[in-house]
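The number in our numbering is simply the position in the sequence shown, starting from 1, with 117 added. Let me begin by presenting the structure, written as structure tokens, before commenting on it.
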Amino acid sequence: MHQEQAITMLGIESSCDETAAAIVRADSDLSNPRIVSQAILSQLEDHRPYGGVVPEIAARAHLLHMDALVERVMTEASIDYAELTAVAATSGPGLIGGVIIGMMTGKAVALTHNIPYIGVNHLEGHALSVRLVASVPFPYLLLLISGGHCQLLIVQDVNRYRLLGTTRDDAVGEAFDKTAKLLDLGYPGGPAIEKAARGGDPARFEFPLPMVGTEGCDFSFSGLKTAVRRAFESENAKQENIKADIAASFQRTVGEILMDRSLQAMDMFNKVTGGLKKEPAFVVAGGVAANGEIRARLTGLCAANGFAFVAPPMSLCTDNAAMIAWAGVERFRAGLTDDLSMAPRARWPLDPDRLGFQQ
Ligand code: KG4
Ligand code: ZN
């Protein structure tokens, strides 16, 4: 295959607290996908004192670092701007200040070098990222579990999604973060809870299982958070192992909620696709996918229900620009490019049929 036929995409991500740029390349038929270069700058330390992401601090950090990151990936890839097929930037949903900075950078590159601009939905980036590293055909089931999202989706095709369920309040990673904050375990909360849980008794506390057993695939975590607070305040906080026991019980409970909702989603997937697909993929993405217990439980659920468990490597599961560049490649191939007048979107549902729901 000639080089001219390859698609070379610059990807830009800045919708939350990661400033990132990447160059991804694939042959024109999407075969041979590869990350040529990537750079990511986490703002973890900037936000740590506040126990969560502060939008204004995030936007300032993106502004400060984005140009240098783009330059870096271009240099590392040893390519000239003229060799780019197009540029893809996250255009929502997310913290609007950050989204604007990434979009403006992407549009400036597109305008200066006269190449197409592709506005990528951050969630589509997560949804398609697995195809950058594995040949997973459409349709497949996606469980997106991160600090900002908690969704079950059927990925039907590029630009075509069916939302099966989403959270009615907190995202699952947010529940981990809030619980860790309450237990004073540090930020980000997920890894801290997982570590504390190793020494705890997962059966000590019976926390509620919001939404479990109900129809559909929606989630809710705020009741669980309240129950954790009550347990922590009612017990003697100095009691030995209380934090570890709460962490272990909380993690087990979250695992049970995700299992119940995922099983429902598998049923719905089989109904929608007529159950014709042999061993369809169940893809998990987002920072919470790093959790060992949750991964193990979902792997077991997939094996028992005829789904193939697929988790992209952690570096692709959490926010990054390679997934945005890859979504750009897939959209470019499908003829989906955008106008430079495209506006940033703080909210941007992937499935327009479920507009009324938080996505
Ligand atoms: O995908 P991500 O890096 O960023 C977005 O939110 O988009 O996800 C971060 C979230 C945080 O809430 C963090 O606490 C959670 O993922 N997380 C974990 C683990 N590692 C990260 N949650 C549970 N267990 C973990 N090991
Ligand atoms: Zn994300």
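All C-beta atoms in this analysis are idealised placements derived from N, C-alpha and C, irrespective of residue type, glycine included. Given the structure is predicted, the values throughout are model-derived calculations rather than measurements.
Excluding sequence positions up to five before and after serine 339, its CB lies within less than 6 angstroms of the CB of Asp286 and Asp287, all in the same chain and listed in chain order. Straight across, the Cα-Cα distance linking isoleucine 262 with isoleucine 232 is about 34 angstroms.
For serine 159, the Cβ stays outside the 6 angstroms cut-off from all heavy atoms of the ligand ZN.
Residue pairing from DSSP places glutamine 268 in a beta bridge opposite Leu261 and Thr283. Shown here for alanine 244: same chain residues with a beta carbon closer than 6 angstroms to its own, the five before and five after excluded, namely Leu259 and Val272 in chain order. By the neighbour-count definition (other C-beta atoms within 10 Å, threshold 16), lysine 224 is a buried residue. Isoleucine 140 is a Cβ neighbour of valine 190, given a cutoff of 7 angstroms.
The continuous beta strand (DSSP E) containing glutamate 135 extends over residues 135-143. Counting along the chain, leucine 415 sits inside the alpha helix (DSSP H) bounded by residues 409-422. With at least 16 other beta carbons inside 10 angstroms of its own, aspartate 335 counts as buried. Closest in alpha carbon position to glycine 316, among Ile363, Phe255 and Phe324, is Ile363.
Within the same chain, Cβ atoms closer than 8 angstroms to the Cβ of glycine 372 are found at Glu410, Ile411 and Arg414, the five residues on either side in sequence being excluded. Cβ-Cβ separation between glycine 128 and alanine 205: approximately 5 angstroms, consistent with a contact (criterion under 8 angstroms).
For the ligand KG4, a non-hydrogen atom lies closer than 6 angstroms to the CB of aspartate 294. Counted as a single uninterrupted DSSP element, the beta strand (DSSP E) harbouring methionine 126 occupies residues 124-130.
Using a Cβ distance threshold of 7 angstroms, threonine 207 and glycine 219 count as a contacting pair. Between the beta-carbon of glycine 265 and that of cysteine 133 there is about 6 angstroms, and that keeps the pair under the 8 angstroms contact cut. Within the chosen limit of 6 angstroms, the ligand KG4 does not reach the beta carbon of serine 208 with any heavy atom. The continuous alpha helix (DSSP H) containing valine 216 extends over residues 213-230. Leaving aside the five residues that flank alanine 314 on each side, the residues in its chain whose CB is nearer than 6 angstroms to its CB run, in chain order, Ala364, Ala365 and Gln368. A Cβ-Cβ distance of about 28 angstroms is found for the pair asparagine 238 and leucine 393, leaving them out of contact under the 8 angstroms criterion.
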